[in-house]
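Take a look at the structure below.
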Amino acid sequence: MKNQAQTKQFISWHLVAGLLAFTVMTLVVGAIGENVTNGEPLTLTDVTLSTWLQTHRSPSLVILLRVATELGSSWTAIPVALAFGLFLLWRRRPYWLAAIWLSVFGGMILNKFLKYVFHRPRPFINEPILALTGYSFPSGHTMTATVLVTVLAAYFMAHTERVATRVLVALSASLLIALVGFSRMYLGAHYLSDVLGALAEGLAWLSLCLTLVYSAWRSRGDNRKDKRKAD
């Protein structure tokens, strides 16, 4: 009985922490979106940084970042999510499968919805590197990279006990997401606020998905234990 009570308490705290992270990140998205909609000071920083990046472009760095930015594209994320999902299905990890597919594919739908809600135009560039259509806020590439890379990092961190490995995975994931976000600004596809909003959006959605899936997994495990004891 004591172990069961401790497990339920752990799940409760995990649920509270996850929903708190979801709430905080959602408020951040709302605050950034309000700045964008009302043309508040953050948008001035957007224009200043965008102009500076345009005037300090390096041809070699442009080539590198054009490759890096594809890490957040749907053409990369969808095959990776599908392939890893099939791997999890083969390994009989249905809850991780649900977490990855819900976070990635659900996040893409959410991002499309938010783009139409805010309908922010793309940055105006005299000599654009990328020919883009659609709205700017929040950045789809950054959001996709955030949910995909973070959920994969969470999986690998959950399956290793070495602290050094966990730290390495976390740092690598953070750098990869930052690289994709920076590439979107450097290539003129998005403003700074688009990237920051996408990061918050991705973390909010991912925290909600992981919290709900994890809570369902622990609850089902407890129900199985109770059933075995009853038998």
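Numbering (this note's numbering), first residue to last: 1452 to 1682.
Each residue gets a CB set at the ideal place from its N, CA and C atoms; glycine is no exception.
Only a predicted model underlies this, so the values are computations on that prediction, with no experimental measurement involved.
Counting only the Cα atoms, A1629 lies some 15 Å from P1589. For S1587, the number of other beta carbons within 10 angstroms of its own is at least 16, and it is reported as buried.
Following the DSSP letters along the chain, one finds S1634 inside the alpha helix (DSSP H) bounded by residues V1614 to Y1637.
If you draw a straight line from the Cα of M1476 to the Cα of R1542, it comes to about 32 Å.
Taking 8 Å as the cut-off, the Cβ atoms of Q1505 and G1632 do not count as close. Under the criterion of beta carbons closer than 8 Å, A1604 and A1621 qualify as touching, at roughly 6 Å.
Taken through DSSP and simplified to helix, strand or coil, H1570 comes out as coil. In the same chain as L1565, and ignoring 5 residues on each side of it, the C-beta atoms closer than 7 Å to its own belong to P1589 and E1652, in chain order.
Shown here, R1669 sits in a helix according to DSSP, grouped into three states. Using a C-beta cut-off of 8 Å, the stretch 1523-1538 makes contact with the stretch 1546-1555, since at least three inter-stretch Cβ pairs fall below that distance. Per DSSP, reduced to three states, the secondary structure at G1648 is helical. Sorting P1572, G1591, L1540 and H1570 by C-alpha distance to the C-alpha of I1560 places G1591 at the top.
Taken through DSSP and simplified to helix, strand or coil, F1607 comes out as helix. For S1587, the three-state secondary structure derived from DSSP is coil. Between R1573 and N1562, the alpha-carbon positions lie close to 15 Å from each other. W1503 sits exposed, since fewer than 16 C-beta atoms from the chains shown fall within 10 Å of its C-beta.
Looking at L1659, V1518 and D1645, the one whose alpha-carbon comes closest to that of I1580 is V1518. Ranked by how close their Cα comes to the Cα of G1585, the residues V1568, N1577, V1480 and V1598 have V1568 in first place. Comparing alpha-carbon positions, the option among Y1642, L1471 and G1648 lying closest to T1496 turns out to be Y1642. Check the Cα spacing between V1513 and each of L1647, M1636, M1594 and L1654: the tightest is with M1636. Each of G1481, T1474, L1466 and L1471 was checked against the Cα of D1645, and the nearest Cα belongs to G1481.
Of R1544, E1491, S1501 and A1528, the smallest CA-CA separation from V1600 is found for A1528.
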